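Please read the structure below before turning to the comments.
Number of protein chains: 2
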Amino acid sequence: MDIQKAIIVFDALSQETRLRVFRLLVEHGTQGAPAGKLSEALDVPHNTLSFHLNHMSNAGLVASKREGRSIIYTANFDLMRDLIGFLVKDCCSVEFASIRKDKKSGCSIIELADCCPPKEKKA
Amino acid sequence: MDIQKAIIVFDALSQETRLRVFRLLVEHGTQGAPAGKLSEALDVPHNTLSFHLNHMSNAGLVASKREGRSIIYTANFDLMRDLIGFLVKDCCSVEFASIRKDKKSGCSIIELADCCPPKEKKA
DNA sequence: GACATATGTCCATTATTCTAGAAATATGGA
DNA sequence: TCCATATTTCTAGAATAATGGACATATGTC
Chain A
3 MDIQKAIIVF DALSQETRLR VFRLLVEHGT QGAPAGKLSE ALDVPHNTLS
53 FHLNHMSNAG LVASKREGRS IIYTANFDLM RDLIGFLVKD CCSVEFASIR
103 KDKKSGCSII ELADCCPPKE KKA
Chain B
3 MDIQKAIIVF DALSQETRLR VFRLLVEHGT QGAPAGKLSE ALDVPHNTLS
53 FHLNHMSNAG LVASKREGRS IIYTANFDLM RDLIGFLVKD CCSVEFASIR
103 KDKKSGCSII ELADCCPPKE KKA
């Protein structure tokens, strides 16, 4: 993920309605949820929500597919992983957070040194 | 980190100048860098940069301390770790990213399953 | 104290984003 | 075809954010 993409994703997440939508979609997993259900659950007018869903879709945060009369939205988990990777690699220091590939599992392993503050280099 | 705090941090990171400032500060580590150096490095007028640094400071993303005539800004690495933790816990699914404490090292370990997509539950 | 340096504050302008009413589009069913 | 449902698009006003010139403040040096 480059810096321009990251800005777009941060922007999409920096608004209450949108962040709530996203977290709700995360709860719905890969199955997703229809726009109307989100509108109702979050108590946001359908046209306002549509504006935000469109915003999120442009940012790549969500995908949508029609199913009958409904349009089902799903969270983009891949993007979320990329974003986490960006924060670790580009917005943190190796002293505080590091990322590496685990060959065996094929997973990326991130270590957050939240309990072991680095010794300050005395200048 | 709660959702309100997350929105504030995302907002602070969702603007090009601010994200560039933050990444530059990350490179400067715990030592930080003076406002003027940032202004010069990023080619942003000092007053405009001051506006953004103030924005970032309010969000808790950076800290500042005076040193002679300069004001030294430093990235808040703790907040960055909290943000990464928030994304993993609240904005991702356990199938895609999980976080656990490693008793021995005292670190939080995050596993990003970026190479092992979960088997879809056939409905 | 006079001056240069480093940074912040004030202000007006411009640009962008959010909101929700009204109308439009798409789908499915009687 | 007619109607209800689900959602989006259009639109305009309101709110918020970004920009940079001019000025103010704080610090260090001579």
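Chains as they are written, first to last, in this note's numbering: chain A, 3 to 125; chain B, 3 to 125.
We put the CB at the ideal spot given by N, CA and C, even for glycine.
These numbers were taken from a predicted model, which means no experiment stands behind them.
- V96/A counts as exposed, since fewer than 16 other beta carbons sit within 10 angstroms of its beta carbon.
- Residue environment for E113/A: buried (at least 16 other C-beta atoms within 10 angstroms of its C-beta).
- The Cβ of R83/B sits closer than 7 Å to at least one Cβ of chain A.
- With distances taken between CA atoms, T32/B lies nearest to A77/B out of K39/B, A77/B, K106/B.
- Around the Cβ of H54/A, a 10 Å sphere holds 16 or more other Cβ atoms; the residue is buried.
- According to the DSSP assignment, T19/B belongs to the alpha helix (DSSP H) that extends over 18-29.
- Setting aside the 5 residues that flank it on each side, S52/A is surrounded in the same chain by A37, each with a C-beta closer than 8 Å to its C-beta; the list follows chain order.
- For V11/A, the enclosing alpha helix (DSSP H) covers residues 5-15.
- For K105/A, no beta strand (DSSP E) run applies, since DSSP gives it neither H nor E.
- Remark: fewer than three beta-carbon pairs, one from each stretch, lie closer than 8 Å, so the segment 63-76 of chain A and the segment 70-86 of chain B are not flagged as touching.
- For V64/B, the enclosing beta strand (DSSP E) covers residues 64-69.
- Residue H57/B holds the alpha-carbon nearest to the alpha-carbon of L21/B among M3/B, H57/B, K7/B.
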